[in-house]
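Chemist: Just so we're aligned, residue 42 is where the sequence shown starts under the working numbering, counting upward by one. First, the structure itself, so that you have it in front of you.
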Amino acid sequence: MSVIRSVVRGTGSYLPQKVVTNAELAQQVDTSDEWIVQRTGIRERHIAADGELTSDLGRAAAARALEDAGLEAGDIDLVILATSTPDQTFPATAATIQAELGIERGAAFDLQAVCSGFVFGLATVDAHLRAGAFKRALVIGAETFSRILDWEDRGTCVLFGDGAGAVVLEAVPEAKSEGRGVLTTHLRTDGRHRTKLFVDGGPSSTGTVGHLRMEGREVFRHAVGMITDVIEDAFAATGESAATIDWFVPHQANRRIIDASAQKLHIAPEKVVTTVDRHGNTSAASIPLALDVARKDGRIGKGDLVLLEAMGGGFTWGSALVRW
Ligand code: ACO
């Protein structure tokens, strides 16, 4: 059997029009621009309009990724949407996006790994493409976290934003891949930490949607160690290193977590892509959003070695190395 590589063909992203600055938030809760910037690096975030759904954000990002890839809806046979904020309990929001894009074959499903969702989605797509089960896939991260925030809790509402990003991957025989594609992925979950970052509602418990709850210090305490461990796994599996990567595109939760992780791994600051200042934490959307920004502004180009990582509720965490 010939070896298959999952090669990136295009990226796209979408942000809701409305921007909310820290100063505007300070009019609603007892906080300040200075506190938020100092602790998180966040200056502003986008918030979805009334009636603007996760599927709307995800569809817009996916359509742009398809255009960027030079492909049409009919070329796609797998859609994976990473989200913790689906339109409905079911059907999967991926099915809505699939139908609205006009994709009529293959499979579409949602994947739930909170902020690590995009890395988990990328790993899942990669496994399906390499197994020969599908040919071309969309992996989308789309979130409307504004809908699950407690807007009276200053410890959490200042951290998150809404948005979506998408990547198109294609199964390419290794001989034709020019060394490009997903090189390795590493996924972890430790459910013993599930009460440190969670939503206090759900269909089988309260019958409500619930609000995000977080022990911020506990998340912070674990984040850097978990992130760097799983990146070391990616380096060990491939023989790559902080010196050989071209770009580090981390989950955009918090500037301090990003800087501490890069520092611990000896990744040069100029290789780190950060968007958290403008987007806040968009959970599963943050990595594909940042990838699209760095692609479109000319930083990430063909042949570049790109390191991705994420950590989030569960706890879940993971890494991926992609030759662009
Ligand atoms: N504005 C002003 N003061 C605030 C705010 C706010 N928005 N939020 C909390 N405070 C206050 C607290 O009430 C507390 O006051 P007190 O000392 O009088 O009791 C003080 O600030 C310190 O609170 P801590 O929660 O201990 O603040 P900390 O320095 O830990 O910063 C933060 C909080 C930014 C959440 C930090 O813990 C953090 O970054 N944690 C990581 C969490 C994260 O990034 N989560 C994202 C989701 S998970 C992921 O994506 C990886």
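Just so it is clear, CB atoms sit at the ideal spot from N, CA and C, and this is done for glycine as well.
Nearest-angstrom Cα distance between Lys312 and Glu75?
Modeler: Rounded to the nearest angstrom, the two C-alpha atoms are 26 Å apart.
Chemist: Pick out the complete alpha helix (DSSP H) segments inside the region 184-214, 4 residues or longer, and give them in chain order.
Modeler: Runs found: 195-198.
Chemist: Can you list the residues near the ligand ACO, meaning Cβ strictly closer than 7 Å to any non-hydrogen atom, in the order they appear in the chain?
Modeler: That gives Val70, Asp71, Thr72, Ser73, Trp76, Ile77, Arg80, Thr81, Cys156, Arg195, Gly196, Val199, Leu200, Leu238, Met255, Gly257, Arg258, Val260, Phe261, Ala264, His292, Ala294, Asn295, Arg297, Ile298, Asn322, Ser324, Met352, Gly353 and Gly354.
Chemist: How should Phe201 be labelled, buried or exposed, when 16 other C-beta atoms within 10 angstroms of its C-beta is the threshold for buried?
Modeler: Result: buried.
Chemist: With a 10 Å radius around its C-beta and 16 neighbouring C-beta atoms as the bar for buried, classify Thr165 as buried or exposed.
Modeler: Thr165 should be labelled buried.
Chemist: Just confirm the distance between the C-beta atoms of Phe289 and Val314, as a whole number of angstroms; I'd bet it's less than 8 Å.
Modeler: So it is a contact: roughly 7 Å between Cβ atoms.
Chemist: In this structure, does DSSP put Arg177 in helix, strand or coil?
Modeler: Looking at Arg177 - three-state DSSP - the assignment turns out to be strand.
Chemist: Measuring only the C-alpha atoms, how far is Val208 from Lys337?
Modeler: So the two alpha carbons sit approximately 13 Å from each other.
Chemist: Whole angstroms are fine: how far does the CA of Glu93 sit from the CA of Asp71?
Modeler: Answer to the nearest angstrom: the Cα atoms are 28 Å apart.
Chemist: Within 10 angstroms of its Cβ, does Asp412 collect 16 or more other Cβ (buried), or is it exposed?
Modeler: A query on residue 412 cannot be resolved here, the shown segment of the chain reaching from 42 to 365 and no further.
Chemist: Give the range of the beta strand (DSSP E) segment to which Ser54 is assigned.
Modeler: First-last of the beta strand (DSSP E) with Ser54: Ile45 to Tyr55.
Chemist: Whole angstroms is fine: what's the gap from Phe131's alpha carbon to Gly243's?
Modeler: Going from the Cα of Phe131 to the Cα of Gly243 covers about 12 Å.
Chemist: Check whether the region 340-348 and the region 278-288 are in contact - that is, three or more C-beta pairs closer than 8 Å.
Modeler: Segments in contact, yes.
Chemist: For Arg221, name the three-state secondary structure that DSSP assigns.
Modeler: Looking at Arg221 - three-state DSSP - the assignment turns out to be coil, as it is neither helix nor strand.
Chemist: Is it right to say Asp91 is buried, meaning 16 or more other beta carbons lie within 10 angstroms of its own, or is it exposed?
Modeler: Classification of Asp91: exposed, given that the 10 Å Cβ count is below 16.
Chemist: Just to confirm my understanding: we take Thr137, look at its own chain, exclude 5 residues before and 5 after, and list those with CB closer than 7 Å. What are they?
Modeler: For Thr137, where only same-chain residues beyond five positions count, the Cβ hits under 7 Å are Ser96 and Asp128.
Chemist: Leaving out five residues before and five after Gly115 in sequence, what residues of the same chain have Cβ atoms less than 6 Å from its Cβ?
Modeler: The answer is none, since no qualifying residue turns up.
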